[in-house]
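Counting with the numbering used here, you get residues 87 to 207 for the letters of the sequence shown. Where is the CB? At the ideal position from N, CA and C, for every residue including glycine. All values derive from a computational prediction rather than experimental measurement. I have placed the structure first, in the form of structure tokens, so that the comments after it can refer back to it.
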Amino acid sequence: MNTLLMVIQVILALVFSSAGLVKISMPAYKLVRMGTWTERFPVSVVRFIGGMELLGAAGLIFSRAFSIFPLIMPMASCGLSLIMILATYHHINHREYRAIILTLVLMMLSAYSALSGFRSL
């Protein structure tokens, strides 16, 4: 079970860190054209979301890798779950059904990581 949790956390960290890096580092004009949802939000909000994704990914990896403050990992997972809940809500409102599947999968993996992390405290 512990191996499954570590694999899920590595997958989540890779997905969220790459998505966060793109949102933070991409020029504004490309960021707006990147996806349908990015044109509906100010660039500063998209960059904020990217920063939160990076912090969540860092919390998943560094907490376990350096055995520091074990509460960071489940809290980071909760934060990533919240981001995905809000993303799912947004995609449902705009009838972007293909995007909903990915956000739901990431939300469930993040929630599993959070529950497992809280259980192991």
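* When you compare only the Cα positions, how much space is there between S149 and I169? -> For this step, residue 149 is matched to residue 63 along the sequence shown. For this step, residue 169 is matched to residue 83 along the sequence shown. For S149 and I169, the distance between alpha carbons rounds to 20 Å.
* To do: Take every Cβ of the region 192-204, pair it with every Cβ of the region 161-179, and state whether three or more of those distances are shorter than 8 Å.
  => yes
* Is S103 helix, strand or coil when you go by DSSP? -> Taking the first residue of the sequence shown as 1, we reach residue 103 at position 17. Of the three classes helix, strand and coil, the one that applies to S103 here is helix, per DSSP.
* Asked: At which residue ranges does the region 106-162 contain complete alpha helix (DSSP H) runs of 4 or more residues, listed in the order of the chain?
  -> 114-120 and 129-151
* To do: Helix, strand or coil for R184, going by three-state DSSP, please let me know.
  => Here residue 184 corresponds to residue number 98 of the sequence shown, with the count starting at 1. In this structure, R184 counts as helix in the three-state DSSP scheme.
* Secondary structure at S206, three-state DSSP: helix, strand or coil? -> Sequence index remark: in the sequence shown, residue 206 carries index 120 (1-based). Here S206 sits in coil by DSSP.
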